[in-house]
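There are 2 protein chains.
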Amino acid sequence: MNIRFYNGKILCTKENHKFEVIEGELWVKGNKIIYVGDGGDLEEVYKKQKEPCILWDREIDAKGYVIMPGFKNAHTHSAMTFLRSFADDLPLKEWLYNQIFPREEKLMPGDIYHLCKLGIMEYLTSGITANFDMYLNPIEIARASADCGFRTVQTSGLNDFTRSLSLLEEDYHIVNEMSELTGFLLGFHGEYTTGRELMEGVAKLSEKLKSPVWFHNSETKKEVEECRKRYGMTPTQITEALGMYAFGGGGYHCIFFDDRDFEIYRKRGLTAVTNPSSNLKLASGIAPTARFLEEGISVAIGTDGPASNNCLDMFREMFLVTGLAKVREGDAAIVPAEEVLYMATAGGARAMQLSDCDSLAEGKLADLILIDLNQPNMQPENDFVKNIVYSGSKSNVALTMVNGRILYEKGEFFIGAESGEVYAKANEIIERMK
Amino acid sequence: MNIRFYNGKILCTKENHKFEVIEGELWVKGNKIIYVGDGGDLEEVYKKQKEPCILWDREIDAKGYVIMPGFKNAHTHSAMTFLRSFADDLPLKEWLYNQIFPREEKLMPGDIYHLCKLGIMEYLTSGITANFDMYLNPIEIARASADCGFRTVQTSGLNDFTRSLSLLEEDYHIVNEMSELTGFLLGFHGEYTTGRELMEGVAKLSEKLKSPVWFHNSETKKEVEECRKRYGMTPTQITEALGMYAFGGGGYHCIFFDDRDFEIYRKRGLTAVTNPSSNLKLASGIAPTARFLEEGISVAIGTDGPASNNCLDMFREMFLVTGLAKVREGDAAIVPAEEVLYMATAGGARAMQLSDCDSLAEGKLADLILIDLNQPNMQPENDFVKNIVYSGSKSNVALTMVNGRILYEKGEFFIGAESGEVYAKANEIIERMK
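If you're matching them up, the sequences are chains A and B in order. Add 624 to the 1-based position in the first sequence for the numbering used here, that's all there is to it. Add 624 to the 1-based position in the second sequence for the numbering used here, that's all there is to it.
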């Protein structure tokens, strides 16, 4: 499909985590952006395309909309949609061991495929164009994304109780080769569920495959204390000692860091993915986001899964990233809006190795969204970026495009499945387990 | 208008801050609810109405929707919409003195009227059916609400620099008598802006008018410390000592409370209105919500104004009330979803003396909203209340009715003003001040 957006305010990502608004046109040909500009230099574009003109399948008047890069949800467990609002307001251990694990055991083949589709639909309503997923069946997850036309990078939830190193290697290849929309980076569940030997195996595999490594890192105080008891080191330090970061990577949550942890993240160019809603709801803590930024460490934002959040909404997370940083440090001036928008777009893309769809520019993959400004929460138009970060909502997302295809527009989904069927399937799966 | 909702899931407020779902019908005649039930006892309803039948102006199939009481936004400064995203990420003092106050001085007659309308539109998109407002011109605020068909209770921002006791008394009468939609309760800005003599005057006036008293209370640590220096007491204690609570009332924010403050609130039956987004964004702190509940103190929820939040969204606030309480106390089990939904509806109504529209029942005023369940964030349907509190969004609000009139439905406003004009006016006002 060739799609022309005109009359739009196009949010372009600049150096130093800044954004610039260009008023004009954005052209999509196939799955790529071929032009972003004010429309004054179109001769050049046609020459480059080696075509006298482009036949448009659709021309979209974007007057009153901001066209911006899609959000990247840098940590989630999409298929946990079935457990949304099923068990909440419980102490963490009771929630996990008595409610979550027993239900996960009852999942049947195909369930994760369907449950992922529900998660993908929710991402689309929130302007999320790619997710970084970790759950039980990487093949089903990848198949759901490829079938919907959605972009998913996965890592593994490998631990002492599920999967294995050889399965991990197999997943890596199958998922990376399945589709241009599906990727896989090495990872494991967390230090507290994974013995030293298995972690050493992951480190070796990362050298062999030249892959970054990801895991849940320092989410709770207890996790870090127990790791210190075991190794005399934090999770960041033991994984560094085991040689896991030769090809980068990072951690999810990253709340309880000491000076040495920050140093390792800085030195290795790792990314801290922050998950503020989940950290509140599970009473885990508030991440030291301001310190990460001060040290020049890359930060990305994730919703975590719908069982712990319970909502897959980047607008909620963006407000929390800055709001929680401000209250944690007692300083209303820190972690400003532009920095947060950068994390939610280019920061996530960096974590997921999606540099080809991290911003709106010629040659980039067309992963973009339209934000409706003609709603009360976007008025007056004092500052688009601040309006989006501080005041934005799912209701402002008018269109979500992934890889050049419109998957969501004005409340309708175009993912090759009927929404009613996806909802029915999710209800059927959880009903079976009650 | 007579409006019949059928096939709906109706959320009814029960004792002990619980909710019950009734599947069936809700009838609105004029501005009142005349029936809520499963439709099995309609003979009785007709008999009570002394009519053989009701001629419906509209019959709405509510299949796939939850019908619930509208949210009550228990603390806000609606007209500050013009300053949304105008100045953020600044230290509090610089923000207030260099950015906010100089612009407020430039407001011209009529501006507040128009700016309030923009706030009201945003409330409607978030399912808010009444607000508790405090700002510079109570008459313009009341006029905006009455003209839109929206319900607003106001208090005064009286302090040593603006308004006076005689103006306060005048406002009280004019606003309370203006319309069935507009009310006024006594109040003043805060202890830190209001001298002892003026506070004594408010106390006397409250006795004369038998009105509760409201003010910004213990929002920042500094405010409480300075009050202690002045009076050897906290703001709660000095206002109690001045005899302000003979007819109830309460405070906005209520973050830094000591044991004696809790005792006064409990003994006097006062309400603590919590404003979590604003408290994060201005780096003020996290309110002791769990303690208020433990002590049986009534809690309500407010968005605060759009200059400090920047968003007028009860869904964001509800998630934050529970999430921040959980992380503050390190306990994922506290301040459960039902309790939060109660605060956001009946709790707010109690604060605003709106007991006639606090819930859905026969004889109550028809202030209600429809929540669309056929969206991914509301699926599967494990628990409606938890879905609304933990996962709900403005995008789920399909219809907002105030006093029996539909003011918002599926993205369209019915407030006697064109949305484009309201946006243009707000932009014009702030442009004038740049």
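Ideal Cβ placement from N, Cα and C applies to all residues, glycine included.
Within-7 Å CB hit, residue i to chain A
i: L1023/B; result: no
i: A1048/B; result: no
i: C935/B; result: yes
i: M745/B; result: yes
i: P693/B; result: no
i: S709/B; result: yes
i: V951/B; result: yes
i: D713/B; result: yes
i: S1019/B; result: yes
i: K1010/B; result: yes
i: L904/B; result: yes
i: I925/B; result: no
i: P1004/B; result: yes
Integer Cβ distance of residue i from residue j, believed to fall under 8 Å
i: P715/A; j: A949/B; result: 14 Å between Cβ atoms; not a contact.
i: A703/B; j: I736/B; result: 4 Å
i: I657/A; j: L650/A; result: 6 Å
i: A968/A; j: T895/A; result: The Cβ separation is near 13 Å, so there is no contact.
i: T858/A; j: D883/A; result: T858/A to D883/A, Cβ: 10 Å. No contact.
i: I637/B; j: P726/B; result: Note that residue 637/B corresponds to Thr in the displayed sequence, not to Ile. Contact doesn't hold; Cβ gap of about 44 Å is too wide.
i: D991/B; j: T779/B; result: Going by Cβ atoms, the distance from D991/B to T779/B rounds to 20 Å, so no, they are not a contact pair.
i: M625/B; j: G1028/B; result: 6 Å
Under 7 Å between C-beta atoms of residue i and residue j
i: N1009/A; j: F710/A; result: A small fix is needed here, since residue 1009/A is Val in this sequence, not Asn. No. Outside cutoff.
i: V799/A; j: A766/A; result: yes
i: V690/A; j: I995/A; result: yes
i: F629/B; j: A686/B; result: yes
i: T1024/B; j: L810/B; result: no
i: N1011/B; j: R708/B; result: no
i: L866/B; j: E824/B; result: yes
i: I1054/B; j: P1000/A; result: no
i: L742/B; j: V1046/B; result: yes
i: V652/B; j: I627/B; result: yes
i: S932/B; j: L904/B; result: no
i: I862/A; j: Y869/A; result: no
i: G971/A; j: V923/A; result: yes
i: M938/A; j: S750/A; result: yes
i: Y816/A; j: H699/A; result: no
i: V669/B; j: L984/B; result: no
i: T818/B; j: F812/B; result: yes
i: H738/A; j: K1049/A; result: yes
i: G873/A; j: V837/A; result: yes
i: A914/B; j: I879/B; result: no
i: N697/A; j: T946/A; result: no
i: T860/B; j: D885/B; result: yes
Minimum Cβ-Cβ distance from residue i to chain B less than 7 Å
i: Y1014/A; result: yes
i: G947/A; result: yes
i: G954/A; result: yes
i: K741/A; result: no
i: D1007/A; result: yes
i: L716/A; result: yes
i: A957/A; result: yes
i: Q723/A; result: no
i: N755/A; result: no
i: N1051/A; result: yes
i: P726/A; result: no
i: I736/A; result: no
i: I1054/A; result: yes
Report the start-end ranges of each beta strand (DSSP E) in the segment 812-853 of chain B that is 3 residues or longer and not cut off at the edges. Correct list: 837-841.
May I have a chain-ordered list of the alpha helix (DSSP H) segments no shorter than 4 residues that lie completely inside the segment 708-793 of chain B? You should have 725-729, 735-749, 762-772.
Every unbroken beta strand (DSSP E) inside the segment 1005-1039 of chain B [3 residues or more]: With a minimum length of 3 residues, the continuous beta strand (DSSP E) runs that stay inside the segment 1005-1039 of chain B are 1021-1026, 1029-1033.
For the segment 988-1000 of chain A, which residues have a CB atom closer than 9 Å to at least one CB atom of chain B, in sequence order? For the segment 988-1000 of chain A, the set of residues with a beta-carbon nearer than 9 Å to any beta-carbon of chain B comprises L997, N998, Q999, P1000, in chain order.
In chain order, what residues of the segment 907-920 of chain B put their CB closer than 8 Å to some CB of chain A? Of all residues in the segment 907-920 of chain B, A907, S908, G909, I910 have a Cβ within less than 8 Å of some Cβ in chain A.
Chain A contacts from the segment 884-901 of chain B (Cβ-Cβ distance under 7 Å): Along the segment 884-901 of chain B, going in chain order, the ones with a CB nearer than 7 Å to a CB of chain A are S901.
Name, going along the chain, the residues of the segment 775-795 of chain A whose beta-carbon falls closer than 8 Å to a beta-carbon of chain B. Those residues of the segment 775-795 of chain A that come within reach of chain B (Cβ to Cβ, closer than 8 Å) do not exist; the list is empty.
Chain-ordered residues of the segment 958-969 of chain A with a beta carbon less than 7 Å from chain B: Result list: P960, A961.
What alpha helix (DSSP H) runs, 4 residues minimum, are completely inside the segment 843-921 of chain B? You should have 845-855, 859-865, 883-892, 900-905, 913-918.
Kindly provide the ranges of any beta strand (DSSP E) runs that are 3 or more residues long and lie completely inside the segment 913-987 of chain B, ordered along the chain. Those beta strand (DSSP E) runs which fall completely within the segment 913-987 of chain B and span 3+ residues are 922-925.
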